[in-house]
Amino acid sequence: MASSSRESAISKWESGKSYPDITLVPEICKALDVSEHELIRGANDTEFREMKKHATLHRKVSERFYWGFTGTYILALIICLICDIAINKGLTFSPIVFGGLLVAFTFIPTATRFTEQHKLAVFTLSTFASISLLLGICCFIYEQNWWGIATMGTLLGYIVLFSPYLLKRYAIRKYNVALYFFMTYSSLFILLFIIGVTNGYDMKPGYLITLFTMIPFIIMSIMHMTSVNGWFKASVNTLFMSISLYSIQYILTLTLGENENSSYKVNFSDWPNHVNANVFLLILIIGIILSIVFFIVGIKQKHRR
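The sequence shown begins at 1 in UniProt numbering and counts up one residue at a time.
Now the structure itself:
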């Protein structure tokens, strides 16, 4: 009965007496292996066929690329294990080879083929984890203690490089700048702490200098979260950035306990001996001028609105 009713329905579609329910079109196209365009027009969709052909070819090439590299890495690891055990009667250099091959695998062909929605996040986490593991293996084999410094330095680089894109995707846009600088400076403080603990250094000057350099970025983050005119934001950010840059030479002198010398004194008639102070002063002047210009443009734009 069901078969005869289906045949009757198809017969009516073919004769033009009725048409299939529009919700059934995707299933019909899938069953017939045709596009919606082909089904409706009753003609071959050359473009669809060509796209499907290229997509199939791309999948095949991608599969061969992935398994080709993966197989090469596995074969290289097996050869290194055999050589290591045969020559050294144990695992000496092969763990480092394993770590290096794992790093290579996370970069090419990468683990992103297992996800569609979070490729950048998967790439970032997998590559960082593999690099950290390789650094840990090297430290363990050679009995050294620089793993924390190297790993934290790598994390700082990853935050600086990848976090703007990850925050843009996963965070609230209003707080992106504040979160970016918070993550960057938090990792920097942790890195300084690990350096101090590992090597026994007094890191107080480093903490103070880092805190000072945070000031313009704190201002920038606050301005970004406000609804102030963009030109006013640029004016404030430029002013504080130029002031901080000009002041950093004095902060370094005071923090590191060095005596102020002639290189910090302005003298445009003697550039060879006063180049630092002259350049920093010119940067400050240019920054102030740009800040005033941005402020004036912001006022004009506000009045125009």
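Think of the CB as a built atom: it goes at the ideal place given N, C-alpha and C, for glycine as much as any other residue.
First and last residue of the uninterrupted alpha helix (DSSP H) at residue i
| i | result |
| --- | --- |
| Thr255 | 230-256 |
| Ser291 | 271-304 |
| Asn199 | 176-199 |
| Val122 | 119-142 |
| Arg173 | Careful: Arg173 lies outside any alpha helix (DSSP H) and carries neither H nor E. |
| Ala104 | 94-107 |
| Met220 | 204-225 |
Beta carbon of residue i nearer than 9 Å to that of residue j
| i | j | result |
| --- | --- | --- |
| Ser132 | Thr110 | no |
| Pro216 | Asn237 | yes |
| Phe182 | Leu155 | no |
| Met225 | Phe240 | no |
| Gly287 | Ser247 | no |
| Leu208 | Ile251 | yes |
| Tyr158 | Thr115 | no |
| Ile137 | Gly99 | yes |
| Ser244 | Phe294 | no |
| Tyr180 | Ser163 | yes |
| Ile85 | Leu91 | yes |
| Ser235 | Ile292 | yes |
Local conformation of residue i per DSSP, three classes
| i | result |
| --- | --- |
| Lys53 | helix |
| Val266 | coil |
| Lys89 | coil |
| Glu116 | coil |
| Trp67 | helix |
| Trp146 | coil |
| Thr72 | helix |
| Thr110 | coil |
Outcome for residue i when other beta-carbon atoms lying within 10 angstroms are tallied against a minimum of 16
| i | result |
| --- | --- |
| Cys80 | buried |
| Met1 | Because Met1 carries a pLDDT of 47, less than 50, the predicted location of this residue cannot be relied on, and the following value inherits that uncertainty. So Met1 ends up on the exposed side. |
| Gly68 | exposed |
| Lys233 | buried |
| Gly298 | buried |
| Ser186 | exposed |
| Arg305 | exposed |
| Thr151 | buried |
| Leu134 | buried |
| Ser94 | buried |
| Ile194 | buried |
| Leu102 | buried |
| Gly206 | buried |
| Thr56 | exposed |
heavy atom of the ligand FMN below 8 Å from residue i C-beta
| i | result |
| --- | --- |
| Arg169 | Absence of the ligand FMN is noted for the structure shown, with no ligands found whatsoever. |
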